[in-house]
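Asks: Under my numbering, the residue at position 125 of the sequence shown is numbered 125, and the numbers go up by one with no gaps. For glycine and all other residues, C-beta sits at the position ideal for the given N, C-alpha and C.
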Amino acid sequence: MKQKYITTDLVIIGAGLTGLTLAYLLRQNGMSIKIVEARSRLGGRIFTKGYDKQQPVEMGATWLGSQHTKLISLLHELGLSTFDQKIGSTAIYEAISTSPHFLANLPSNPDPSKRLQGGSQQIIHTLASYIAQDDILLNQPVISLSETNDAVDIITTDHTIQTKLVVSTLPPNLLTSSITITPALPAEIVQLTNATHTWMGESIKIVLSYAKPFWRAKHLSGTIMSNVGPIGEMYDHSNYEDSFYALKGFFSSNYYSISREERLAMIMTQLRKYFGDQATEYLSYEETVWRNEEYTFASYDSHVLPHQNNGHQAYQQSYMNGKLIIGGTETSTSYPGYMEGAVYNATSIAQRLLH
Ligand SMILES: Cc1cc2nc3c(=O)[nH]c(=O)nc-3n(C[C@H](O)[C@H](O)[C@H](O)COP(=O)(O)OP(=O)(O)OC[C@H]3O[C@@H](n4cnc5c(N)ncnc54)[C@H](O)[C@@H]3O)c2cc1C
Numbered sequence: 001m002k003q004k005y006i007t008t009d010l011v012i013i014g015a016g017l018t019g020l021t022l023a024y025l026l027r028q029n030g031m032s033i034k035i036v037e038a039r040s041r042l043g044g045r046i047f048t049k050g051y052d053k054q055q056p057v058e059m060g061a062t063w064l065g066s067q068h069t070k071l072i073s074l075l076h077e078l079g080l081s082t083f084d085q086k087i088g089s090t091a092i093y094e095a096i097s098t099s100p101h102f103l104a105n106l107p108s109n110p111d112p113s114k115r116l117q118g119g120s121q122q123i124i125h126t127l128a129s130y131i132a133q134d135d136i137l138l139n140q141p142v143i144s145l146s147e148t149n150d151a152v153d154i155i156t157t158d159h160t161i162q163t164k165l166v167v168s169t170l171p172p173n174l175l176t177s178s179i180t181i182t183p184a185l186p187a188e189i190v191q192l193t194n195a196t197h198t199w200m201g202e203s204i205k206i207v208l209s210y211a212k213p214f215w216r217a218k219h220l221s222g223t224i225m226s227n228v229g230p231i232g233e234m235y236d237h238s239n240y241e242d243s244f245y246a247l248k249g250f251f252s253s254n255y256y257s258i259s260r261e262e263r264l265a266m267i268m269t270q271l272r273k274y275f276g277d278q279a280t281e282y283l284s285y286e287e288t289v290w291r292n293e294e295y296t297f298a299s300y301d302s303h304v305l306p307h308q309n310n311g312h313q314a315y316q317q318s319y320m321n322g323k324l325i326i327g328g329t330e331t332s333t334s335y336p337g338y339m340e341g342a343v344y345n346a347t348s349i350a351q352r353l354l355h
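(1) Sort out for me which residues DSSP pairs T90 with in a bridge.
(2) Could you give the first and the last residue of the continuous beta strand (DSSP E) run that contains E37?
(3) Do you know how far the Cα of S168 is from the Cα of T329?
(4) What residue from L283, F214, T182 and I46 has the CA that sits closest to F275's CA?
(5) For F47, does the count of other Cβ atoms within 10 angstroms reach 16, so buried, or fall short, so exposed?
(6) What is the DSSP secondary structure of E58, counted as helix, strand or coil?
(7) With DSSP run on the structure shown, which of helix, strand or coil describes I123?
(8) Terminal residues of the continuous alpha helix (DSSP H) containing T21?
(9) Give the C-beta separation of L208 and Y93 to the nearest angstrom, bearing in mind that I take them to be a contact with Cβ-Cβ under 8 angstroms.
(10) Using 7 angstroms as the cut-off, classify the Cβ of Y338 as near or not near the heavy atoms of ligand 2, replying yes or no.
(11) Nearest by alpha-carbon distance to R39: which of G16, A187, I33 and N29 is it?
(12) Classify Q316 as helix, strand or coil using the three-state DSSP reduction.
(13) In chain order, what residues of the same chain lie with their CB nearer than 8 angstroms to the CB of L138, ignoring the 5 residues before and after it?
(14) Does R45 come out as helix, strand or coil in the three-state DSSP assignment?
(15) Should A342 be counted as a contact of ligand 1 given a C-beta to heavy atom distance under 7 angstroms?
(16) Would you say M200 touches ligand 1, meaning its beta carbon is less than 7 angstroms from a heavy atom?
(17) Report yes if the C-beta of V36 is less than 7 angstroms from at least one heavy atom of ligand 1; otherwise report no.
(18) Is it a yes or a no for the segment 168-185 touching the segment 198-212, going by three-plus beta-carbon pairs under 8 angstroms?
(19) Under 8 angstroms by Cβ, that's how I've got L116 and L80 pegged, so tell me the actual separation to the nearest angstrom.
(20) What does DSSP give as the partner residue(s) for I175 in the beta ladder?
(21) To the nearest angstrom, how far is the alpha carbon of A211 from that of S252?
(22) Output needed for G229: all residues of its chain with C-beta closer than 6 angstroms, excluding positions within five of it in sequence on either side, in chain order.
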């Protein structure tokens, strides 16, 4: 197919929370931008299934806390509301495989984690509504960035975009693993990106929906903590209106290469142990194996610890003679890895660009 040719002042790579917040802030100041997104959907690691049917199921980011002040201000500005995550006063606790699970009392929490009413996707959807549809190019994985005299040429699947400035919001490791950059970035930056952990990149999220919240009828809360697994944590994931009932958990990241059916069978074995046969009467099963998501995860050259190099000072500088900014939540100096980090990073970059 023939390449479409575009020239613009600023390209944001990635339509996740960082990219869309940055575009929203710059549009408010009259700047023209293009966003280039590899996936067919917006949101990146914010990925709510069923949010258009009031049955939001979070496969990615879910919770925020009162400490996430930049995110909370943005939610207020966009007219979005939160609600408390149900935790309950007891949790099923399984400490070791040789002892049975038991019901543990949970301490009361005066500051519970919050979820977005209608699903985390609401923030993505609302931010995107302030950006012209033509300015967001979906299904356009960036393949290469090449610096010319006073511009950068971006090649995607079927576009060539010439821009004065480019902001990447990809997880840094993914940026240098998947995009060819010419001239090459300094070796120490490539080493740094490769050793920068992509938050939750290895995680496996699972959600089961049910006709009734049977776990509450048994005076439980749906909260499960297990050192035995393969589900390590699980929570009530019913919607704000309490008209859609679900349990959501984290499945051991070791099992990324087995099949969906094998994971589901393991889930049923574990949940049947706690809840009996009712656990098997689910209406739907959803899972996302983030490690298998080519537009989130790239493998590392060596072992990397959670949050390693997140917010590193080298990410606060520009590259390609001032024409490339490496952004995204992992580069944030505040709450890197989290939604708060994405909003904080977008705000910092917007300030840099506007001043
Ligand atoms: C399972 C899971 C649970 C989480 N839970 C929480 C939570 O409870 N609370 C919390 O605060 N945070 C949580 N997070 C983290 C949160 O999702 C992230 O902090 C935030 O969404 C990151 O936004 P971002 O825009 O910086 O990056 P991303 O969302 O990763 O956005 C990057 C974008 O770039 C796109 N892209 C990739 N490659 C290319 C390419 N070559 N060309 C063009 N586009 C490309 C991607 O498709 C994506 O849309 C969770 C994440 C996951 C995966």
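Replies: With the structure as the only source:
(1) Sequence index remark: in the sequence shown, residue 90 carries index 90 (1-based). DSSP output for T90 lists N105 as bridge partner(s).
(2) Reading the sequence shown from its first residue, position 37 is the one you call residue 37. From DSSP, E37 is part of no beta strand (DSSP E); its letter is neither H nor E.
(3) If you number the sequence shown from 1, residue 329 lands on position 329. If you number the sequence shown from 1, residue 168 lands on position 168. Taking the straight line from one Cα to the other gives about 11 angstroms.
(4) Sequence index remark: in the sequence shown, residue 275 carries index 275 (1-based). Among L283, F214, T182 and I46, the Cα nearest to that of F275 is on F214.
(5) As a first step, residue 47 is located in the sequence shown; it is residue number 47 there, counting from the start. The residue is buried, with at least 16 neighbouring Cβ atoms inside 10 Å.
(6) Taking the sequence shown and counting its residues from 1, the one referred to as residue 58 is at position 58. Three-state result, E58: strand.
(7) Here residue 123 corresponds to residue number 123 of the sequence shown, with the count starting at 1. The answer is helix: DSSP assigns I123 an H, G or I state.
(8) Residue numbering aside, residue 21 sits at position 21 when the sequence shown is read from its first letter. Element bounds for T21: L17 to Q28.
(9) As a first step, residue 208 must be located in the sequence shown, where it is residue number 208. As a first step, residue 93 must be located in the sequence shown, where it is residue number 93. L208 to Y93, Cβ: 20 angstroms. No contact.
(10) Looking at this structure, you won't find ligand 2 anywhere; what it does contain is ligand 1.
(11) Taking the sequence shown and counting its residues from 1, the one referred to as residue 39 is at position 39. Nearest C-alpha to R39: G16.
(12) The residue given as residue 316 occupies position 316 in the sequence shown. If DSSP states are grouped into helix, strand and coil, Q316 belongs with the helices.
(13) Taking the first residue of the sequence shown as 1, we reach residue 138 at position 138. A15, E37, R39, S40, R41 and L42, listed in sequence order.
(14) As a first step, residue 45 is located in the sequence shown; it is residue number 45 there, counting from the start. Of the three classes helix, strand and coil, the one that applies to R45 here is coil, per DSSP.
(15) The residue you call residue 342 lines up with position 342 of the sequence shown. A342 Cβ: within cutoff of ligand 1.
(16) Walking along the sequence shown from the start, residue 200 turns up at place 200. Yes, ligand 1 has a heavy atom inside 7 angstroms of this Cβ.
(17) Reading the sequence shown from its first residue, position 36 is the one you call residue 36. At least one heavy atom of ligand 1 is nearer than 7 angstroms to the Cβ of V36, so yes.
(18) yes
(19) To locate residue 116, count along the sequence shown from 1; it is residue 116. To locate residue 80, count along the sequence shown from 1; it is residue 80. Right, their Cβ atoms sit about 6 angstroms apart.
(20) On the sequence shown, position 175 is the one that residue 175 refers to. Per the sequence presented here, residue 175 reads as Leu, with Ile not at that position. Beta-bridge pairing links L175 to no other residue.
(21) For the purposes of this step, residue 211 is identified with residue 211 of the sequence shown, where counting begins at 1. For the purposes of this step, residue 252 is identified with residue 252 of the sequence shown, where counting begins at 1. Answer to the nearest angstrom: the Cα atoms are 26 angstroms apart.
(22) Within the sequence shown, the letter at position 229 stands for residue 229. Same-chain partners within the cutoff: S252.
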